[in-house]
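Asker: First the structure, which I've put down as structure tokens, then a few questions once you've had a look.
Chains as they are written, first to last, in my numbering: chain A, 23 to 464; chain B, 3 to 338.
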């Protein structure tokens with residue numbers, strides 16, 4: 023029996039065009055644009071100045087607080103500018119611009135990291151290194167990983183969940199990583215288990231990645247404490263709360279966090295980054311990115327340096343197709359549409375999706391026919407039609423009482439609506455106002 | 003890269019291919035078997051009535067949208083077409099044309115447009131039209147032509163009552179079910195639809211086929227029809243087991259009258275049914291219950307239309323009090 027969450031969810035066309043494409047190394051970018059706000063929380067503080075020479079892996083912006091993260095230089099080169107440029111949010115944000123020194127051999131060094139199983143660090147040292155090396159959640163939310171590992175005294179964390187679901191259509195970054203680096207991921211899981219002092223970890227993988235499930239089942243056959251859970255292909259299976267419900271049948275309370283039910287969740291990409299940081303002192307300066315789209319010449323998976331402008335990736339897959347109308351950072355369900363291809367890859371970019379004319383525009387919104395589909399598909403048990411109406415009418419107090427803030431913005435309601443109503447757009451807007459009203463109240 | 007500008011919109015960037023229009027036309031497709039049966043049973047009259055109802059519903063929708071509401075004309079969204087078909091399915095095949103037009107005006111003008119058009123109406127438009135006709139022209143609305151296929155054997159009976167009407171009247175005159183059973187068609191005829199009644203309601207078989215199509219295409223949920231029919235079976239079953247001479251059997255109740263048409267096609271109208279699964283259950287139980295009460299104890303032989311309209315009125319309340327369970331609320335103690 024495949025595990026799944028009981029209420030809601032949809033099954034959009036999977037379109038995993040790149041699931042058989044090996045992860046390739048992208049050529050070193052000539053210039054990198056490294057934003058200082060790549061994670062949830064406080065932006066980092068720049069520690070370099072214009073014309074400074076920087077080495078690969080050198081800290082260029084240090085953590086600005088507890089919920090923040092260090093940022094390291096992805097290349098060896100010279101800081102040419104500290105400027106505001108448009109990032110994935112479509113707003114101008116502070117960036118460190120570094121010109122790669124093409125004469126510096128360290129930029130082209132092919133470092134081979136043989137599998138290293140022995141964990142030499144103590145739990146405290148592990149957490150410290152994860153903090154220092156700028157590891158954040160690579161599943162998309164970019165929550166600084168060390169924060170999740172700093173569990174308070176008296177907690178009862180008893181299970182670590184590894185998110186290998188990748189329920190977004192098109193994206194295959196996690197899938198490929200699981201196929202190509204499974205042993206490193208297992209070691210990474212042991213590292214996190216040791217840091218959290220838990221003896222049980224479960225890897226959740228959607229059943230459309232049977233090859234990955236098989237590999238991990240094979241590798242964990244004789245491993246104590248690590249299990250594999252095959253999950254039903256249903257979006258949003260990879261959402262943290264849904265994943266916990268699917269695998270452990272535990273429901274994170276409203277306004278609660280996973281640790282309230284004794285669980286910590288990390289994405290497989292993060293686990294791999296943790297492995298490299300702990301075993302090989304490698305800070306988070308590159309990640310796997312899927313570049314995909316139905317009309318691209320060569321949809322691919324790449325190892326990409328943080329800060330690489332998206333056009334570098336697009337050039338590598340054969341350029342933008344003629345009929346391109348939308349460029350999305352992330353998957354089609356939760357990704358952000360971008361203004362242009364100058365936007366840099368950040369720690370949270372799992373994919374670049376190029377959408378052509380046929381699918382880029384929305385259809386005209388029609389009257390709500392009250393079919394209830396949005397209610398049926400909402401994995402959080404909300405009533406999207408109602409939340410939209412309350413927001414439209416400015417009834418924010420009622421929207422709050424109808425739990426608008428628990429919306430995880432998965433987009434299932436907007437996806438399913440037969441009248442093409444902009445449900446999630448209104449809910450997002452309503453959420454932002456309700457949040458503001460709540461903070462002003464306190 | 004194209005000269006067309008890049009589109010920036012918020013996620014999600016993909017959408018399902020479901021559209022309201024497709025849903026409406028799927029219901030129309032699901033009604034075809036029932037229409038074919040009525041053509042076979044009642045002849046060209048059935049087609050006439052259906053055509054008049056459809057044309058007048060579409061015309062009223064167009065005229066009202068264009069000249070009264072002055073909004074965009076949406077007559078090709080399938081909703082007025084469906085209202086027309088369903089209205090026709092709820093009237094006898096020999097109803098005068100002008101009455102059908104009046105019924106259509108009430109359905110589209112009063113029940114739908116005056117509330118704000120598609121999606122805003124509280125009551126099922128076709129049923130409002132039907133009930134308006136029933137209370138205004140009770141004689142014409144309850145005089146059904148006998149099935150043409152049977153006219154050779156019952157040459158004098160050009161008009162006849164529905165099986166439900168026969169039972170109701172007979173019981174009131176002190177007869178028993180056994181005594182009345184010779185006056186109604188056989189169970190198999192009633193199941194197939196070789197019986198008197200409104201155009202689209204007679205053939206349980208055709209309607210079940212249509213219903214299965216709709217459920218399989220996820221146009222309707224199974225909850226409403228199945229629970230409506232189950233409630234009817236249970237309640238009529240209780241009375242039948244107490245006194246089978248005074249109360250007809252449950253099978254009779256669900257294959258006659260508007261039970262199937264109501265359960266699969268009228269109660270499931272998305273606009274006028276509840277938004278949550280829990281709400282749908284309450285709604286469907288209510289319809290089954292009220293139908294049985296009217297049929298067994300009311301003045302009318304049939305109660306499906308009234309039952310659905312009454313429950314339509316409760317939908318806003320049901321939506322308020324029967325909400326889906328919020329994720330993370332009311333959690334049982336969890337084993338950690």
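All C-beta atoms in this analysis are idealised placements derived from N, C-alpha and C, irrespective of residue type, glycine included.
#1: If you run the structure through DSSP and keep just helix, strand and coil, what is residue 172 of chain B?
#2: Quickly, what does DSSP pair residue 46 of chain A with across the bridge? List them, please.
#3: Closer than 9 Å, CB to CB, is residue 420 of chain A near chain B or not?
#4: Could you check which residue in A/168, A/40, A/252 has the C-alpha nearest to that of residue 88 of chain A?
#5: With 16 other CB atoms within 10 Å as the buried threshold, where does residue 462 of chain A fall?
#6: Find the residues of chain B that neighbour residue 350 of chain A, judging by a C-beta separation of less than 7 Å, and give them in chain order.
#7: Return helix, strand or coil for residue 279 of chain B, following the three-state DSSP convention.
#8: Whose C-beta lies closer than 7 Å to the C-beta of residue 159 of chain B among residues of the same chain, with five residues either side of it excluded?
#9: Measuring straight from C-alpha to C-alpha, what distance separates residue 104 of chain A and residue 121 of chain A?
#10: Looking at the structure shown, is residue 240 of chain A part of a helix, part of a strand, or coil, going by DSSP?
#11: Would you identify the three-state DSSP class for residue 289 of chain A, choosing helix, strand or coil?
#12: Which two residues bound the contiguous alpha helix (DSSP H) that contains residue 268 of chain A?
#13: From the beta carbon of residue 4 of chain B, is the nearest beta carbon of chain A less than 9 Å away?
#14: Have a look at residue 383 of chain A and residue 321 of chain A and give me their C-alpha separation to the nearest angstrom.
#15: Output, in chain order, the set of chain B residues within a Cβ distance shorter than 8 Å of residue 355 of chain A.
#16: Helix, strand or coil: how does DSSP classify residue 61 of chain A here?
#17: Please state if the CB of residue 378 of chain A and the CB of residue 160 of chain A are separated by a distance shorter than 9 Å.
#18: Starting from the beta carbon of residue 377 of chain A, find every residue of chain B whose beta carbon is closer than 9 Å, and list them in chain order.
#19: At the 9 Å Cβ level, is residue 236 of chain A part of the contact set with chain B, yes or no?
#20: Roughly how many angstroms lie between the CA atoms of residue 156 of chain B and residue 137 of chain B, to the nearest whole one?
#21: Helix, strand or coil for residue 448 of chain A, going by three-state DSSP, please let me know.
#22: Of all the options B/95, B/170, B/127, B/132, which has the alpha carbon lying nearest to the alpha carbon of residue 145 of chain B?
#23: Looking only at its chain, what residues have a beta carbon closer than 6 Å to the beta carbon of residue 292 of chain B, apart from the 5 residues adjacent to it on each side?
#24: If the cut is a Cβ gap below 7 Å, which residues of chain B does residue 412 of chain A touch?
#25: For residue 142 of chain A, count neighbouring Cβ atoms within 10 angstroms of its own Cβ and tell me buried if that reaches 16, exposed if not.
#26: Under a CB-based cut-off of 9 Å, is residue 313 of chain B close to chain A?
#27: Tell me, which residues are paired with residue 238 of chain B by DSSP?
#28: At a Cβ cut of 8 Å, what residues of the region 101–129 of chain B count as close to chain A, listed as they run along the chain?
#29: Which residues of chain B have a Cβ atom closer than 9 Å to the Cβ of residue 113 of chain A, listed in chain order?
#30: How close, in whole Å, do the beta carbons of residue 294 of chain A and residue 203 of chain A come, if the pair is a contact with beta carbons under 8 Å?
#31: So, helix, strand or coil for residue 259 of chain B, using DSSP?
#32: Would you list the residues sitting across from residue 228 of chain A in a DSSP beta bridge?
#33: Can you list the residues of chain B that residue 441 of chain A reaches, using a CB-CB cut of under 7 Å?
#34: Buried or exposed: where does residue 405 of chain A fall if 16 or more other Cβ atoms within 10 Å of its Cβ makes it buried?
#35: Along the chain, where does the alpha helix (DSSP H) that runs through residue 395 of chain A open and close?
#36: Mind pulling the chain B residues with CB within less than 7 Å of residue 433 of chain A?
Answerer: To lay it out plainly:
#1: For residue 172 of chain B, the secondary structure class from DSSP, reduced to helix, strand or coil, is helix.
#2: A/324
#3: no
#4: A/168
#5: exposed
#6: Simply 15.
#7: helix
#8: Low confidence applies here, because residue 159 of chain B scores a pLDDT of 42, under 50, leaving its location unreliable and the question unanswered by this model.
#9: 12 Å
#10: helix
#11: strand
#12: 262–270
#13: Residue placement at residue 4 of chain B cannot be trusted, given a pLDDT of 47 that sits under 50; what the coordinates show is reported in the next sentence. Yes, residue 4 of chain B lies at the interface with chain A (some Cβ there is under 9 Å from its Cβ).
#14: The alpha-carbon separation between residue 383 of chain A and residue 321 of chain A amounts to approximately 22 Å.
#15: Contacts between residue 355 of chain A and chain B, judged by CB atoms closer than 8 Å, involve 13, 14, 15, 16 in chain order.
#16: The answer is coil: DSSP assigns residue 61 of chain A none of H, G, I, E or B.
#17: Result no, Cβ atoms of residue 160 of chain A and residue 378 of chain A do not sit closer than 9 Å.
#18: 9, 15, 16, listed in chain order.
#19: no
#20: Residue placement at residue 156 of chain B is flagged as unreliable, the pLDDT there being 43, under the threshold of 50; the coordinate-derived value follows with that caveat. Taking the straight line joining both Cα atoms gives about 29 Å.
#21: helix
#22: Answer by Cα proximity: B/95.
#23: Only residues of its own chain outside the window of five on either side were considered, and among them 309, 312 have a CB closer than 6 Å to the CB of residue 292 of chain B, listed in chain order.
#24: Here the premise fails: no neighbours, minimum Cβ distance about 13 Å.
#25: exposed
#26: no
#27: Paired residues: none, contrary to the question.
#28: Across the region 101–129 of chain B, CB contacts with chain A closer than 8 Å involve 119, 120, 121, 122, in sequence order along the chain.
#29: Those do not exist, as residue 113 of chain A stays about 12 Å from chain B at its closest Cβ, beyond 9 Å.
#30: 6 Å
#31: Of the three classes helix, strand and coil, the one that applies to residue 259 of chain B here is coil, per DSSP.
#32: A/253
#33: 22
#34: When all chains shown are included, residue 405 of chain A counts as buried.
#35: 395–399
#36: 13, 14
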